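Colleague:
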Amino acid sequence: MASHPTFNLVQRTAQACTALAFNLHRKSEFLVALADYSVKCFDTVTKELVSWMRGHESSVFSISVHGSGRYAITTSSDTAQLWDLDTFQRKRKLNILQSVGIQKVFFLPLSNTILSCFKDNSIFAWECDTLVCKYQLPAPPESSNILYKVFAVTRDGRILAAGGKSNHIHLWCLEAKQLFRIIQMPTKVRAIRHLEFLPDSFDAGSNQVLGVLSQDGIMRFINIQTCKLLFEIGSLDDGISSSVISPHGRYIASIMENGSLNIYSVQTLTKEINKPPPPLVKVIEDLPKKKGNSGDLKVKVTSGRVQRPAKSRESKTQTRILKQDLSGSLEKKESELSDGLNKKRLQILLKGYGEFPTKYRMFIWRSLLQLPENHTAFSNLIDKGIHVAFLNLQKKYPVKSRKLLRVLQRTLSALAHWSTIFSDTPYLPLLAFPFVKLFQNNQLICFEVVATLIINWCQHWFEYFPNPPINILSMIENVLAFHDKKLLQHFINHDVTSQLYAWPLLETMFSEVLTREEWLKVFDNVFSNHPSFLLMTVVAYNICSRAPLLNCKRKDDFEYFFHHRNNLDISAVIREVYRLLNTTPTDIHPDSMLDAFVALTKGQYPVFNQYPKFIVDYQTQERERIRNDELDYLRERQAVEDMQAEVDQQRAEDEAWCQKQELLRRAEEARREILLQEEEKMIQQRQRLAAVRRELKVKEMHLQDAARRRLLQLQQDQHEMELRRLDDEIERKVHMRDREIAATAKDLEMRRLELESQKRLYEKNLSRNQEAVAKEMKENADAYRQKVDLEEHMFHRLIETDQTQNQKIHKLIEENLAKAEQACLNTDWRIQALHKQRCSDVHRNECYQEIAKLLRKNRKKEIEVLNAMMDGEAKKWEEAEEKDFHLKSEKKTAALSDTSRRWFLEKEIHDAQHPCDKVPKCRDEQVASGCLPRTSQLNDISEMESLTQISLNQRKMHWDAMEQDLMERVRNLRQRLATQAQNRCQTPHLLAT
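Heads up: the sequence shown is residues 60 to 1052, going by this note's numbering.
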């Protein structure tokens, strides 16, 4: 078996602790802030004080440790101090105005940034080493402006969550320094007490789950991206005071409002979202008792830690108890309770002390009653809401505490939803109120205690419903008759029945006649014994009050006695109860008529139907009918009231309208009188204005006449001045014309000189260009002339053989060959020039295309750019192949020409050397005369010239076509370049890109 985890006491500080911090550089050390404004460092191994740091003038409520564990920031309301944990010396101190106040100062994870949050909602970021302000977050929007109280940062330090007295949570992006989301919690959340992100091993520090602890004691975990509620811990009855999450996000430790410590498994919570956590288990164990010394009886209370693993098929909850090591083993006893307690030993303890210890009473009661704590079933009952029968509970039972009234209302509603009869039971609030007041912080326990009480100690109470339980009261009367006949006879003589001296005690569970301490002592004994103990308590109370009851003579006195507290020793009453239990005969003993204790079942509550169902159903139907009639009456009355209100409102509106009309009529008459007076005044003013207008008209006519005369004179003077000005202008323009003519002549002369200088300059440049062209052509021709040296040598041999006969033909052939050679050279030069231009144009075209593509496309489209480059490369290869093809064709043409010329020369030389081989014998004279060979040679030479001319013409046509194609491509390229330049001017942002 696995051993239980243990805890150790490190140090007694004798001061209240205000803050704790772990994860220091030395893992065995931790920081503690105390109520005397000091901060101490303790070692968990040596359990000794390591250092004592002072400097604050108010209590420290926050300690933040740097990620390296070497620095810490302690924060109080008026100052924040930075400490070096290696030397425990103060490095820096942040002081602010008292009117502002510090809310929190802490380190950002994985950085050297300090975040300071003040009470005026200002947030600053500081560099840890230099304390230079890095930035300040802007103010939140006015639509959701809240005063920040609590803060949380993700593990990567990128997101800051802030909340306060509102159901809004602000999420800040610290990288962008702006508010990027506002999360609104449910309406039942009015204030946020604590925020903390839930770490995850696979999110790289960008935590997505945020834990939000609100004012109702429930901690809700939400996803900040989807804004969905994932799970929650705590409840309204068992609220959380504070909570912290382990660094790896596997466990959540929470301090509950009742002082207990709960540890939750995050893995289990994510699987069972809606299931509330089981309560904290506390174990009471007693050591062996020594006789004669009550102080030797010890009870060791150990706190437990409850985990929530995944449920098995039997839906059993596993618990682990955190406790110190106990020396010695405990004896096994019979009658063991579910929580490890022994009922017989508890009864012995109760008889010895008279009551259970106050500190452990609630735990003992829960063990004695064997409460199942059915969270799901109770939640289903609570979710049904307030029962109709208890909506106006505060009118009949005015409770000062609103919280207590709300808990009472919920408990009674849950009982009514559990069984219908409880909605019609008039004394149920009186019966449940003391338990509600006792368990007001845990409604589940309160409900189950009351339900267990009804099932066991209220047996047979509802058989005569709606009347009091006559059978139970008869049992009490029989026991009282056996033990005190005189008192019973006194009740009979004064017409006091059991409904007066027994029923008030039962329906209120003695809460009206006992104090809190007395009531708790009584129910310690009630819950520890058979259900008949409660009935015997009623008899014992009457017997112990025998003296004052015998003195009562009036019925009102009896009623007052059983509804108010009396001077009575409750210990004596309890001893009397035990005496009655032991001395009452079996035939009248309630023990034989009541069943033994039966606990509530786990999972679901048992069905309660021990009552006359037809009566309850009839009462329910009658009550529903009466309620419906009342609702109809209320609706009709509301309709009548609405109609009356509308009539009154209409009457008031009519009266107001009449009064307004009367006021308007009077105002209209007064304004008409004023209007008549104003019209009379206006007529008089018009008459005066007409007289003044006539006078002004006469004056105006005189002034116009004088002005006309002055205008005529002025026009005459202006005409004379205009004539003089025109004369002067003519003279000035004649003079200017002469000057302009002279200046123009000089400009023409200068222009002529400039043209001559430009002409000489152009001629000089032209000569330079011609020289360059000639030089280039000469260089190109040198190579060719070396190639034709053999041909010239062959021609010289031909000339020497037939110089006299073929001089003219030789000259013609030489001229044609020179022309053809010059044409070839010129054509080759042009081809080379065109090839160079084409290569340059193609290169520029490709550059322009690449630039245009780079400007049009984004950097992200690198694949398209590579494809474009590959297309350009393919085009280049095509062009290279085309050029190679043209080069090969040119080479073939040149080779053909060379071959034809070589063949021609060889043929001519052969014919010149052997002229007789081709002449017939019969024509020897013609051969000797030399006529036939010359004719044949001329034909061959003309044939060779025609072939050469055809070849030159073909080459010229081919190169003209290539030149036209190149010029057409150049024009297209220039048009595209102009279009691209225009586009670049229209889209300058592409150039910037």
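Every residue gets a Cβ at the ideal spot worked out from N, C-alpha and C, and that includes glycine.
Note that the coordinates shown come from a computational prediction; the quantities given were computed from them, not determined experimentally.
Whole angstroms is fine: what's the gap from E835's alpha carbon to T886's?
Modeller: 13 Å
Colleague: Assuming S117 and S135 make a contact with CB atoms under 8 Å, what is their CB distance in whole Å?
Modeller: 4 Å
Colleague: Going by DSSP in three states, T138 sits in which element: helix, strand or coil?
Modeller: strand
Colleague: Given a threshold of 16 other Cβ atoms within 10 Å of its Cβ, counted over all protein chains shown, does A726 qualify as buried or as exposed?
Modeller: exposed
Colleague: Starting from E577 and walking both ways along the alpha helix (DSSP H), at which residues does that stretch end?
Modeller: 575-587
Colleague: Identify the continuous alpha helix (DSSP H) that holds R149 and give its terminal residues.
Modeller: No alpha helix (DSSP H) contains R149, which is instead part of the beta strand (DSSP E) from 148-154.
Colleague: Do three or more CB pairs link the stretch 125-140 to the stretch 152-166 at distances below 8 Å?
Modeller: yes
Colleague: Taking 8 Å as the threshold, find out whether the stretch 624-634 comes into contact with the stretch 486-494 through three or more Cβ pairs.
Modeller: Fewer than three Cβ pairs drawn from the stretch 624-634 and the stretch 486-494 lie within less than 8 Å of each other, which leaves the two stretches out of contact.
Colleague: Are the Cβ atoms of N204 and S273 separated by less than 9 Å?
Modeller: For N204 and S273, no; Cβs fall outside 9 Å.
Colleague: Report the residue from E107, H84, R752 whose alpha carbon sits nearest the alpha carbon of L68.
Modeller: E107
Colleague: Would you call the CB atoms of R217 and V248 closer than 9 Å?
Modeller: In this structure, V248 does not lie closer than 9 Å to R217 by Cβ.
Colleague: Please report the distance separating the alpha-carbon of R59 from that of K837.
Modeller: Examination of residue 59 is not possible in this model, given that the chain is present from 60 through 1052 alone.
Colleague: Can the beta-carbon of L464 be found closer than 9 Å to that of V458?
Modeller: yes
Colleague: Could you spell out the range, first to last residue, of the beta strand (DSSP E) harbouring K163?
Modeller: Per DSSP, K163 belongs to the beta strand (DSSP E) from 161-166.
Colleague: Report yes or no: do the stretch 559-579 and the stretch 527-540 share at least 3 C-beta pairs separated by less than 8 Å?
Modeller: yes
Colleague: Considering only residues of the same chain and omitting the five flanking positions on each side of P644, which have a CB-CB separation below 8 Å?
Modeller: F541
Colleague: So for W520, helix, strand or coil by DSSP?
Modeller: coil
Colleague: Between M244 and V271, is the Cβ-Cβ spacing less than 9 Å?
Modeller: Yes.
Colleague: State whether the stretch 476-484 contacts the stretch 440-455, with contact taken as three or more CB pairs (one from each stretch) at a distance under 8 Å.
Modeller: yes
Colleague: Could you check how far apart the C-beta atoms of A448 and Y664 are, in whole angstroms? I think they sit under 8 Å.
Modeller: In fact, because the Cβ distance is near 19 Å, the residues do not count as touching under 8 Å.
Colleague: Residues in its own chain within less than 8 Å of M112 by CB, not counting five upstream and five downstream?
Modeller: S97, V98, K99, C100, T133, W142, F147, R149
Colleague: Note down, one range per segment and in chain order, each alpha helix (DSSP H) of at least 4 residues found wholly within the stretch 414-495.
Modeller: List check, alpha helix (DSSP H) in window: 420-428, 434-442, 452-455, 461-477.
Colleague: What does the alpha-carbon distance come out to for the pair L400 and Q267?
Modeller: Near 45 Å, if we compare the C-alpha coordinates of Q267 and L400.
Colleague: Apply the 10 Å Cβ neighbour rule to V581 and answer buried if 16 or more other Cβ atoms are within range, or exposed otherwise.
Modeller: Looking at its Cβ environment, which holds 16 or more other Cβ atoms inside 10 Å, V581 is buried.
Colleague: Would you call the CB atoms of A840 and L876 closer than 9 Å?
Modeller: Not in contact: A840 and L876 (Cβ atoms no closer than 9 Å).
Colleague: Threshold first: 3 residues or longer. Then list the beta strand (DSSP E) segments lying entirely within the stretch 75-116, N to C.
Modeller: 76-80, 88-93, 98-102, 108-112
Colleague: Hey, how far is the Cα of F963 from the Cα of R819?
Modeller: 49 Å
Colleague: Starting from the C-beta of T470, find all residues in its chain whose C-beta is less than 7 Å away, skip the five residues before and the five after it, and write them out in chain order.
Modeller: So the list reads A491, V495, Q502, C505, F506, V509, once near-sequence residues are dropped.
Colleague: So for F177, helix, strand or coil by DSSP?
Modeller: strand
Colleague: Pop quiz: L83 and L174 are said to be a contact at Cβ under 8 Å. What is the actual Cβ separation, rounded to whole angstroms?
Modeller: 20 Å between Cβ atoms; not a contact.
Colleague: Please confirm whether L269 and A220 have their CB atoms less than 9 Å apart.
Modeller: yes
Colleague: Pick from S294, R903, L893: whose alpha carbon is nearest that of Q1023?
Modeller: L893
Colleague: Give a yes or no on whether 9 Å exceeds the smallest Cβ distance from K287 to chain C.
Modeller: Although the question refers to chain C, the structure presented lacks it and comprises just one protein chain.
Colleague: Which of the three DSSP states is assigned to Q274 in this structure?
Modeller: Coil at Q274, not helix or strand.
Colleague: Leaving aside the five residues before and after G298 along the sequence, list all residues of the same chain whose C-beta is less than 6 Å from its C-beta, in chain order.
Modeller: G276, E316
Colleague: Could you check how far apart the C-beta atoms of I182 and L230 are, in whole angstroms? I think they sit under 8 Å.
Modeller: Wrong, their Cβ atoms sit about 13 Å apart, outside the cutoff.
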